[in-house]
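**Student:** Below you will find the structure I want to go over with you.
In the numbering used here, the protein residues as written are 409 to 1060.
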C-alpha cells in the first residue's frame, strides 16, 4: 500500500507531460522525486512518478512493449549516484576482497599451533590453507552466474554471511578435519567478492572515472595474503590461554572482521547491477499500470535462464583453457607465480623460524617486504596508465591488447631475480636483511604480471572474457592449493637453497611469454579461433565508431564511410530499425564499459550464438572463425552482435 501511495499521483498523467517545452528556449529538466535511501537499499524495483510518466518507446502491448531504460537524471541509476557514495562503495568492496584474501593466509601463521593441538603432521595442517584457496575456484563457476540471475547485493550478502559463519564455526573445531572442511567452505563462499567486487566498480563508475578506482581496488587482493601471516603469527604466538590456543583466536578475529564487513555491506551498498534493476522496474511498471513493459536488456537478449547461465559458466572455461594457447600459457604463468606466493607461507617459517630461531610473530614479518614491493608496483601501475591512455587515444579508443604488456615484461624479469636472490641468501650465516629484501622484487613483479596478463586476456577475448578469467582462476587456485603441500618435502630433500630455486627456475622459464606475445601477439591471436572471433567483433565496433549505420560490404565499397573528427560516434539502433548517433565521448565510454571492466557481462553477449556453442557444427581444421564464415557473414554477424552489446552499455 505504501508503494501505491508513493506513486499514485502519477498514474493518471500522460506520458507526454514529461516532455519539456522549448517555446521559450532550453529549460533545465527537473530532477525526479528523490527516493529515500532506505528504499534504494531494500527495493530493487522502486519507481517514482517521473519514472511512470516518462515517454517510453513502444505501445505497451505484448507485440510492442514499452522499452524500459534509464530516464534522464534517474535517481536509481548507479552511474548517477553521488561521488561520495561511489567511493564509499569502492572502499567497502575493497575491504571485502581484502578480508577474504587475509582469511586465506592468516591461518598459515598459526599452523604450528594446529599441529600441537591436534597432533597431526605439517602436511595435514597445511590443508587448512590449501583447501581454502581451492575454494576460490568456485567463484567464477557459481557466484558469477548467480549474480546475473539474482543481482550482486543478495549474492554478496548471502555468501559473506556464510564466510563469517564458517569462520565462527571453525573456532569450535574439535578435530583437524572439521577445521579443514570448514575452511574449504569458507573459501568457497568467500570467493564471491574476488569474482564480483570488480563488477560493482564497473556498475557505478564510467569508463573515464574508473581508472583510479580500479587501481586503488587492485591493491586489496594483494595486501591480504601478505598481512595474513603477520596477523595469524602474532595471534598464534601470544593469544594463548589454557586450552583456547592461538589458532582459535585467529578464527575469532576472522569471524568478527568478516562479520562487521557483512553488516556494513548490508546497511550501505544497494543493488548496482543495471540489467536486474531495469528488469525489476519493468515488472513493477507492468503491475502498476496494467500495460506491458520490458527492459531493453531483456528485449535485446531475452531472459537468461538459470540453466543457460550455469551451463555456460561450467563448460566454456574448460573449452577455452584447452583450445586456446594464449589462455593456457598465460594462465600457467600466473598459476606458477600465485603458487609461489602460497609456497612462501611454508618456506618462510622454515627459513626464519627453524633456521634463524625467530618466533611465529616476528618470523612472519618478512612478508611485509613482499607487501612493500606489491604496493610499489600498484603505484607505478597507476602512473603507467597514462602511457596506456595515450595509446588508447591514438587508436581511437581501441588500443591493441599488446599495449597492456610492457609492465608485465618488467615484472616477469623481477620475479626470478628476487627468487634467485632469496634462494642464495637465506642461510643463517648471512644477515637477515639481505634475504628479506630479496622478496620485494618478487612482490613487485607479481603485481605487474597479474595486472598485465589479466588485462591482456580481457582485451584479447572481450566477448569471452568472463570464461577466460574463470579458467584462469581455476588453474591458479589449483596451483595455490597444491604448492604448499609439497613445500616441506622439497625443502627437506633439496635443502633451503635449491628448493628456493625451483620456483625461480619455473618463473624464469615463463619470463619470455610477455615478450613473445608483445611482438607476435597479433599473429598468434589471428591463428587462435576464439581470439580471432573476439578480435573481429571488436574491429566491427571500431568500424561502427566511424560510421553511423551497419551496412553490408558492397555498400561500403560503393560509398565512403562517414567519419567524425573525434573518436567517432557509435550508432545506436532503435527497436524500429532506425539509427541515431550519440556523442563520440559517450560511444567510447560505452565500448570501454562493456569490454574493459565488466567481463562477466561481456560473456553473456554470445552465450547462445557463439562459435563455442556451435562447436559441434563447426568444421575442423579451419584457422579461424573469420575464414569459416567469410567476410560478408562477419559483417552481418558483427552488426547484429553490436546490437546485443548495447545491453552492457546500459550501465553508462
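Glycine included, every Cβ here is placed at the ideal spot set by N, Cα and C.
Got a sec? Which residues, its chain only, sit under 6 Å from residue 929 by beta carbon, not counting five neighbours each side?
**Tutor:** Indexing the chain shown from 1 puts residue 929 at position 521. Cβ neighbours of residue 929 beyond the five flanking positions: 810.
**Student:** I'd like to know whether the C-beta atoms of residue 724 and residue 687 end up nearer to each other than 9 Å.
**Tutor:** One-based indexing of the chain shown puts residue 724 at position 316. One-based indexing of the chain shown puts residue 687 at position 279. Taking 9 Å as the Cβ cut-off, residue 724 and residue 687 do not qualify as a contacting pair.
**Student:** Since residue 465 sits in a beta bridge, which residues does DSSP pair it with?
**Tutor:** Taking the first residue of the chain shown as position 1, residue 465 is located at position 57. Paired residue(s): 475.
**Student:** Assign residue 701 to one of three DSSP states: helix, strand, or coil.
**Tutor:** Position 293 of the chain shown, counting from 1, holds the residue named residue 701. The answer is strand: DSSP assigns residue 701 an E or B state.
**Student:** Going by DSSP, what residue range makes up the alpha helix (DSSP H) through residue 800?
**Tutor:** Within the chain shown, the letter at position 392 stands for residue 800. First-last of the alpha helix (DSSP H) with residue 800: 775-802.
**Student:** Looking only at its chain, what residues have a beta carbon closer than 8 Å to the beta carbon of residue 552, apart from the 5 residues adjacent to it on each side?
**Tutor:** The sequence position of residue 552 within the chain shown is 144, counting from 1. If we look at residue 552 and ignore the five residues flanking it on each side, its Cβ neighbours are 603, 604, 721, 874, 878 and 1008.
**Student:** Between residue 817 and the rest of its own chain, which residues show a CB-CB distance below 7 Å, the 5 nearest in sequence each way excluded?
**Tutor:** Position 409 of the chain shown, counted from the first residue, corresponds to residue 817. Hits under 7 Å: 922, 923 and 926.
**Student:** Is the number of C-beta pairs between the region 626-641 and the region 766-777 that are closer than 8 Å three or more?
**Tutor:** Taking 8 Å as the limit for Cβ pairs, the verdict is that the region 766-777 does touch the region 626-641.
**Student:** Assuming residue 538 and residue 893 form a contact by the criterion Cβ under 8 Å, report the distance between their Cβ atoms to the nearest whole angstrom.
**Tutor:** Sequence index remark: in the chain shown, residue 538 carries index 130 (1-based). Sequence index remark: in the chain shown, residue 893 carries index 485 (1-based). Right, their Cβ atoms sit about 6 Å apart.
**Student:** Would you call the region 782-798 and the region 657-665 in contact, with 3 or more CB pairs under 8 Å?
**Tutor:** Output reads no: the region 657-665 does not touch the region 782-798.
**Student:** Express the C-alpha separation of residue 523 and residue 767 in angstroms, rounding to a whole number.
**Tutor:** In the chain shown, counting from the first residue as 1, residue 767 sits at position 359. In the chain shown, counting from the first residue as 1, residue 523 sits at position 115. Straight-line Cα distance between these residues: approximately 16 Å.
**Student:** Between residue 764 and residue 826, which are expected to be in contact by the criterion C-beta below 8 Å, what is the C-beta distance as a whole number of angstroms?
**Tutor:** The residue labelled residue 764 in the question sits at position 356 within the chain shown. The residue labelled residue 826 in the question sits at position 418 within the chain shown. The pair is not a contact, with the Cβ atoms about 19 Å apart (cut-off 8 Å).
**Student:** Around the C-beta of residue 900, are 16 or more other C-beta atoms found within 10 angstroms, so that it is buried, or is it exposed?
**Tutor:** Taking the first residue of the chain shown as position 1, residue 900 is located at position 492. By the 10 Å Cβ count, residue 900 comes out exposed.
**Student:** Measure the alpha-carbon distance for residue 840 versus residue 673 and round it to whole angstroms.
**Tutor:** Residue 840 sits at position 432 when you count from the first residue of the chain shown. Residue 673 sits at position 265 when you count from the first residue of the chain shown. One C-alpha to the other measures close to 42 Å.
**Student:** Thinking C-beta only, is residue 702 closer than 9 Å to residue 499?
**Tutor:** For the purposes of this step, residue 499 is identified with residue 91 of the chain shown, where counting begins at 1. For the purposes of this step, residue 702 is identified with residue 294 of the chain shown, where counting begins at 1. Not in contact: residue 499 and residue 702 (Cβ atoms no closer than 9 Å).
**Student:** For residue 655, I'd like the list of residues in its chain whose CB is within less than 6 Å of its CB, leaving aside the five on either flank, ordered along the chain.
**Tutor:** Within the chain shown, numbered from 1, the residue matching residue 655 stands at position 247. 518, 521, 522 and 644.
**Student:** Excluding the 5 residues preceding and the 5 following residue 665 in the sequence, name in chain order all residues of the same chain whose CB lies nearer than 7 Å to its CB.
**Tutor:** The residue you call residue 665 lines up with position 257 of the chain shown. Excluding positions up to five away in sequence, the list reads 507.
**Student:** Would you mind reading off the limits of the alpha helix (DSSP H) that contains residue 935?
**Tutor:** On the chain shown, position 527 is the one that residue 935 refers to. Note, residue 935: alpha helix (DSSP H), 920-935.
**Student:** Are there 16 or more other CB atoms within 10 angstroms of the CB of residue 471, so buried, or fewer, so exposed?
**Tutor:** On the chain shown, position 63 is the one that residue 471 refers to. Counting Cβ neighbours within 10 Å, residue 471 comes out exposed, since fewer than 16 surround it.
**Student:** Would you please state the rounded distance, in angstroms, between the beta carbons of residue 536 and residue 588? I believe it to be under 8 Å.
**Tutor:** In the chain shown, counting from the first residue as 1, residue 536 sits at position 128. In the chain shown, counting from the first residue as 1, residue 588 sits at position 180. Confirmed, about 5 Å.
**Student:** Within 10 angstroms of its Cβ, does residue 815 collect 16 or more other Cβ (buried), or is it exposed?
**Tutor:** If you number the chain shown from 1, residue 815 lands on position 407. Buried, because 16 or more other Cβ atoms sit within 10 Å of the Cβ of residue 815.
**Student:** Contact check, residue 727 vs residue 936 under 8 Å by CB: the rounded distance?
**Tutor:** To locate residue 727, count along the chain shown from 1; it is residue 319. To locate residue 936, count along the chain shown from 1; it is residue 528. Not really, about 12 Å apart at Cβ, beyond 8 Å.
**Student:** Taking only the alpha-carbon atoms, compute the straight-line gap between residue 896 and residue 748 and give it to the nearest angstrom.
**Tutor:** As a position in the chain shown, residue 896 is number 488, starting the count at 1. As a position in the chain shown, residue 748 is number 340, starting the count at 1. When rounded, the distance between both Cα atoms is 13 Å.
**Student:** Skipping 5 residues on each side, what residues in its chain have a beta carbon closer than 6 Å to that of residue 829?
**Tutor:** Here residue 829 refers to the residue found at position 421 of the chain shown. These residues qualify, in order along the chain: 846.
**Student:** Run through DSSP, which three-state label would residue 490 get?
**Tutor:** Counting from one through the chain shown, the residue named residue 490 turns up at place 82. Coil.
**Student:** Tell me the DSSP secondary structure of residue 832 in three-state form.
**Tutor:** Here the question's residue 832 lines up with position 424 in the chain shown. Note: residue 832 maps to coil in three-state DSSP.
**Student:** Is residue 814 helix, strand or coil when you go by DSSP?
**Tutor:** Numbered from 1 along the chain shown, position 406 holds the residue referred to as residue 814. Note: residue 814 maps to helix in three-state DSSP.
**Student:** So residue 452 and residue 685 are supposed to be a Cβ contact under 8 Å. How far apart are they, rounded?
**Tutor:** Here the question's residue 452 lines up with position 44 in the chain shown. Here the question's residue 685 lines up with position 277 in the chain shown. The pair is a contact, with the Cβ atoms about 6 Å apart (cut-off 8 Å).
**Student:** From residue 671 to residue 623, what does the alpha carbon distance come to, in whole angstroms?
**Tutor:** Working through the chain shown from its first residue, we reach residue 671 at position 263. Working through the chain shown from its first residue, we reach residue 623 at position 215. Each residue's alpha carbon lies about 26 Å from the other.
**Student:** I need the DSSP call for residue 446, collapsed to helix, strand or coil.
**Tutor:** By one-based count along the chain shown, residue 446 stands at place 38. Three-state result, residue 446: helix.
**Student:** Using the three-state DSSP reduction, which class does residue 673 fall into: helix, strand or coil?
**Tutor:** Reading the chain shown from its first residue, position 265 is the one you call residue 673. It is helical.
**Student:** Out of curiosity, what's the CA-to-CA distance linking residue 598 and residue 667?
**Tutor:** For the purposes of this step, residue 598 is taken as the residue at position 190 of the chain shown. For the purposes of this step, residue 667 is taken as the residue at position 259 of the chain shown. Rounded to the nearest angstrom, the two C-alpha atoms are 12 Å apart.
**Student:** Between which residues of its own chain and residue 546 is the CB-CB distance below 6 Å, once the five residues before and five after are set aside?
**Tutor:** Residue numbering aside, residue 546 sits at position 138 when the chain shown is read from its first letter. Correct list, in chain order: 596 and 599.
**Student:** Find the nearest neighbour of residue 919 within the set 678, 459, 850 and 627, judged by alpha-carbon distance.
**Tutor:** The sequence position of residue 919 within the chain shown is 511, counting from 1. Ranking 678, 459, 850 and 627 by Cα distance to residue 919 puts 850 first.
**Student:** Rounded to the nearest angstrom, what separates residue 496 and residue 690 at their Cα positions?
**Tutor:** Counting from 1 along the chain shown, the entry for residue 496 is found at position 88. Counting from 1 along the chain shown, the entry for residue 690 is found at position 282. Taking the straight line from one Cα to the other gives about 29 Å.
**Student:** Classify residue 528 as helix, strand or coil using the three-state DSSP reduction.
**Tutor:** As a first step, residue 528 is located in the chain shown; it is residue number 120 there, counting from the start. Residue 528: coil per DSSP, three-state reduction.
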